[in-house]
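Visitor:
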Amino acid sequence: MARFTLPRDLYHGKGSINELKNLTGKKAIVVVGGGSMKRFGFLDQVVDNLKEAGMEVKLFENVEPDPSVETVMKGAEVMREFEPDWIVAIGGGSPIDAAKAMWVFYEYPETTFEAIIQPFSFPTLRQKAKFCAIPSTSGTATEVTAFSVITDYAKGIKYPLADFNITPDIAIVDPNLAETMPAQLTAHTGMDALTHAIEAYVSTCHSCFTDPLALKAIEMIFDDLQASYEGDMEAREQMHYAQCLAGMAFSNALLGIVHSMAHKTGAAYKNGHIVHGCANAMYLPQVIRFNAKDEVAAKRYADIAKFIDLEGDTTEGLVKALCDKIEAYNVALNIPKCIKDYENGMVPEDEFLEKLPEVAALAISDACTGSNPRIPDQKQMEELLKCCYYGTEVDF
């Protein structure tokens, strides 16, 4: 038996943020990141709509990029004091992911972070509150997924939390919010969405329910991402919907080792973080080459290539065409080829090699690895990470 779970309601289209005025409840806490949602007036719209719905509203602001365990615990404490019956998260993936984790510790104060690291181990939620997510970026799709990524900075590890309990009750996919994204963020989040869709399609947990969503998302992203990056707002709207479709697919089909590697390299190095979407974009072609050594995975990559009208007479030729297209997109979106080139050498070679065995081991143990079509051993993961660092082609 398999399971397919989505939010009960998904409102989409320009102005759909106003659906908040139709929520029923007494108190709502709004979780938000930096100042952009306030600066562009969207936070005021959220608050005004919730007040029109008759709710008392409290804000929890300034959730950082790559939210920390400490921020999660702080937000949960505020929720326990305020006792909301709605949690409304608005912004990029960070505030929405943080709010999902806060939700657990609001309803179950005795739970520890270590207790929920194991995938699908969460206690039953909705004992005190329901959850509404409003994304402002077009990549994570956390508004429709059973996932939340939280960083333990003391350990330098990103943890992908996974449980159907944290799938939001309501998702509001309003493209007006995505119009505010700067070009680089548009590129990184768009490639994150493409990775979601491709990994979902080749996942060992894919199904007839997830495949159409993944393929349609891939098609839309290749059609609209570059124009969206260049400032075309019609394309930006389509990308906001495409990333949501990709989220519906991967939330139910799960992901693969592109994400395992991105999670574990993201916070591993002392000079700064490798931005998640950029990491996915750099690693994706290399992982495709690695996975394509598996005959079933190679055929599914070839299916993707044929679906988007790439040319190739053989499965191998179609896989190569797909990798070439992704790498051409990375060039067009100003994304570096490899870790060594990221942010002018932010990750020194000596530090990368010193931490390689530990990062590889953590990537193998990541929650996303189990559904990858080809499970690497320690030596293979280290070699794969080296290819991603130096930009050398995978041939094993």
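Numbering of the sequence shown is given in this note's numbering, commencing with residue 1051 and proceeding in unit increments.
C-beta: ideal position from N, C-alpha, C; glycine also.
These numbers were taken from a predicted model, which means no experiment stands behind them.
(1) Hey, how far is the Cα of A1052 from the Cα of E1401?
(2) Quick check on L1211: does DSSP put it in helix, strand or coil?
(3) Measuring alpha carbon to alpha carbon, tell me which residue in R1176, A1331, K1208 is nearest D1147.
(4) Specify whether the stretch 1230–1244 and the stretch 1272–1289 touch according to this definition: at least 3 beta carbon pairs, one from each stretch, less than 8 angstroms apart.
(5) Measure how close the beta-carbons of V1097 and V1107 come, nearest whole angstrom, since I'm counting them as under 8 angstroms.
(6) Measuring only the C-alpha atoms, how far is E1366 from E1443?
(7) Kindly confirm or deny that the stretch 1210–1219 and the stretch 1262–1271 touch, where touching means at least three C-beta pairs closer than 8 angstroms.
(8) Which whole-angstrom value describes the C-beta separation of V1369 and I1414, a residue pair presumed to lie in contact below a C-beta threshold of 8 angstroms?
(9) Please give me, in chain order, every unbroken run of the alpha helix (DSSP H) with length at least 4 that falls completely inside the stretch 1074–1099.
(10) Within its chain, find whatever has a CB closer than 7 angstroms to the CB of C1388; leave out the 5 residues flanking it on each side and keep chain order.
(11) Does the Cβ of T1364 have 16 or more other Cβ atoms within 10 Å, making it buried, or fewer, making it exposed?
(12) I think V1469 touches E1269, with their Cβ atoms under 8 angstroms apart; what is that distance to the nearest whole Å?
(13) Taking the alpha-carbon positions, what's the P1159 to M1123 distance?
(14) Considering only C-alpha positions, which residue in the set L1403, G1327, L1295, Q1168 is nearest to D1416?
(15) Could you pull the DSSP bridge partners for L1109 from this structure?
(16) From which residue to which residue does the alpha helix (DSSP H) around L1295 run?
(17) Expressed to the nearest angstrom, what Euclidean distance is found between the alpha-carbon atoms of A1165 and F1155?
(18) Between P1407 and E1432, what straight-line distance do the alpha-carbon atoms span, to the nearest angstrom?
(19) With a Cβ-Cβ cutoff of 8 angstroms, do F1197 and I1137 count as a contact?
(20) Please work out which residues of its chain come closer than 6 angstroms, Cβ to Cβ, to S1144, disregarding the five sequence neighbours upstream and downstream, and give them in chain order.
(21) D1427 to K1343, Cα distance in whole Å?
(22) Please state whether the Cβ-Cβ distance between A1228 and H1290 is less than 8 angstroms.
(23) Can you pull the DSSP bridge partners for F1181?
(24) Is A1296 closer than 8 angstroms to A1243 when the C-beta atoms are compared?
(25) Whose CA, out of T1195, T1187, S1186, lies closest to the CA of F1170?
(26) At 3 residues or longer, what runs of the beta strand (DSSP E) sit wholly inside the stretch 1365–1436?
(27) How many Å lie between I1425 and A1347 at the Cα?
(28) Could you pull out every unbroken beta strand (DSSP E) segment of at least 3 residues lying fully inside the stretch 1197–1283, listed in chain order?
(29) Relative to the C-alpha of L1109, which candidate in L1073, A1139, F1090, G1091 has its C-alpha closest?
(30) Pick out whichever of N1384, Y1351, P1386 has its Cα sitting closest to the Cα of C1373.
(31) Flag G1084 as yes when its Cβ comes closer than 7 angstroms to any non-hydrogen atom of the ligand MN, and as no otherwise.
(32) Locate the alpha helix (DSSP H) running through Y1351, then write down its first and last residues.
(33) Starting from the C-beta of K1405, find all residues in its chain whose C-beta is less than 8 angstroms away, skip the five residues before and the five after it, and write them out in chain order.
(34) Given a cut-off of 8 angstroms, decide if E1377 and P1335 are closer than it, judged by their beta-carbon atoms.
(35) Buried or exposed: where does R1176 fall if 16 or more other Cβ atoms within 10 Å of its Cβ makes it buried?
(36) Run the CB neighbour count on E1157, radius 10 Å, all protein chains shown included, and call it buried at 16 or more, exposed below.
Guide: If we stick to the structure as given:
(1) 42 angstroms
(2) strand
(3) K1208
(4) yes
(5) 5 angstroms
(6) 15 angstroms
(7) no
(8) Their Cβ separation, rounded to whole angstroms, is 24 angstroms, which puts V1369 and I1414 out of contact at 8 angstroms.
(9) 1086–1089
(10) M1332, C1438, Y1439, Y1440, G1441
(11) exposed
(12) Since the first residue of the chain shown is 1051 and the last is 1446, residue 1469 is not available in this structure.
(13) 9 angstroms
(14) Q1168
(15) V1080
(16) 1283–1303
(17) 11 angstroms
(18) 7 angstroms
(19) no
(20) G1083, V1113, P1115, P1117
(21) 14 angstroms
(22) yes
(23) I1137
(24) yes
(25) T1195
(26) none
(27) 12 angstroms
(28) 1197–1202, 1207–1212, 1220–1223
(29) A1139
(30) Y1351
(31) In the structure shown, the ligand MN is absent, as is every other ligand, since no ligand is present at all.
(32) 1345–1357
(33) A1318, Y1319
(34) yes
(35) exposed
(36) buried
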